[in-house]
Amino acid sequence: MTILAATPSALSPSMIVAGMVLVTVTFGYALSCWLAPFARCRRCAGAGTRKSLLGHRKPCRSCDATGWRLRAGRRIANTLRDLRDASR
Ligand SMILES: [Zn+2]
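If you want it as structure tokens, here you go:
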């Protein structure tokens, strides 16, 4: 008699460890984006102004002169929340 059902041994230990690492990193990043949704603007390095070609400072258009940007994970979470709210 043969047993054809999938058993837990079908997963190798390295696949289980890789899955656990993936879940840990994903939830860790989601938690960090929940705790700190903003990061410094990459374009102006948090200054809020940039140097123009003529040498004077002008407001950063990338961050609307705030010096902060929304992190990618938080932007994804906001989009998913907006989609959920729109479907109600
Ligand atoms: Zn900026």
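No gaps in the numbering here: position 30 of the sequence shown is 22 in this note's numbering, and each next residue is one more.
Just so it is clear, CB atoms sit at the ideal spot from N, CA and C, and this is done for glycine as well.
By the CB criterion at 8 Å, R35 and C52 fall inside the cutoff. Around ligand 1, the residues selected by a Cβ distance under 5 Å to any of its heavy atoms are C33, R35, C36, C52, S54, C55, following chain order.
Rounded to whole angstroms, the separation of the alpha carbons of C55 and K43 is 15 Å.
About 4 Å separates the CB atoms of R32 and G38; that is less than 8 Å, so the two are in contact. With a cutoff of 8 Å on beta-carbon distance, R73 and F30 are scored as not near each other. Under the three-state reduction of DSSP output, A78 falls in the helix class. Counting along the chain, the unbroken alpha helix (DSSP H) around A10 starts and ends at 5 to 27.
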